[in-house]
Structure formats: C-alpha cells, structure tokens
Amino acid sequence: MKNKMLVEIFFPACGRTLEFRIPRAYYVFQVNELLVRFFAEHPIGGYVPDENSMLCDAKTGRILNGNLSISQLERMDNPKLMLI
C-alpha cells in the first residue's frame with residue numbers, strides 16, 4: 555500500500571471522522587470530487603455534500619489548494635482534513 559496514504563477526514567456537518575486510503579498521485583480536487591460522489595451514494599448522518607464542498611486543513615480551517623497532490627500533504631504533520 556505504498557502508493558496510498560491513510561487520511562483522516564472530519565465532517566463537521568454530521569460530527570463524524572472517517573479514514574480513507576487515498577492514492578498519493580491524486581490531487582486535492584480529485585479527492586474532493588470522490589468524497590462528494592461517495593457521500594451522494596452513502597449519506598452519513600444526513601450529510602450530503604455538493605459541488606461547493608471543499609477540503610480544508612482540520613487543524614487550521616484553511617481551504618486546501620486543489621492543485622496540491624496528496625503526497626504533498628504528507629509534509630504536514632499527520633494530515634487531518636475536513637470537508638465543508
């Protein structure tokens with residue numbers, strides 16, 4: 555699983571945190587799209603993200619640049635993301 559990274563993602567709208575294995579070659583915008591599609595098919599706690607949903611750094615609340623690759627996020631200390 556060297557080509558994938560375990561990422562913790564917090565969903566404040568439903569108060570849940572889930573872990574996903576994400577390919578390191580993916581970009582933030584691709585992960586965002588995948589998560590939106592996943593939750594459209596598997597709503598959790600009534601939370602249904604839309605095309606305006608975005609990934610943020612859960613520690614700072616800062617919106618992540620969609621052009622960053624997931625491998626670039628590894629430079630963060632234990633990346634924890636949030637989908638708003």
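Quick note on numbering: the sequence shown equals residues 555 to 638 in my numbering.
Heads up, the beta-carbon is just placed ideally off N, CA and C, and yes, glycines get one too.
Since the model is a prediction, treat every value here as computed from it, not as a measurement.
Run of the alpha helix (DSSP H) containing residue i, from where it starts to where it stops
{"i": "Val590", "result": "582-595"}
Cβ-Cβ separation, residue j to residue i (assumed contact under 8 Å), whole Å
{"i": "Leu618", "j": "Val582", "result": "5 Å"}
{"i": "Leu572", "j": "Leu609", "result": "The pair is not a contact, with the Cβ atoms about 13 Å apart (cut-off 8 Å)."}
{"i": "Ile563", "j": "Leu637", "result": "6 Å"}
{"i": "Tyr601", "j": "Phe592", "result": "Going by Cβ atoms, the distance from Tyr601 to Phe592 rounds to 11 Å, so no, they are not a contact pair."}
Residue i in three-state terms, based on DSSP
{"i": "Leu622", "result": "coil"}
Bridge partners - residue i, DSSP secondary structure assignment
{"i": "Cys610", "result": "Ile617, Met636"}
{"i": "Glu562", "result": "Glu573, Lys634"}
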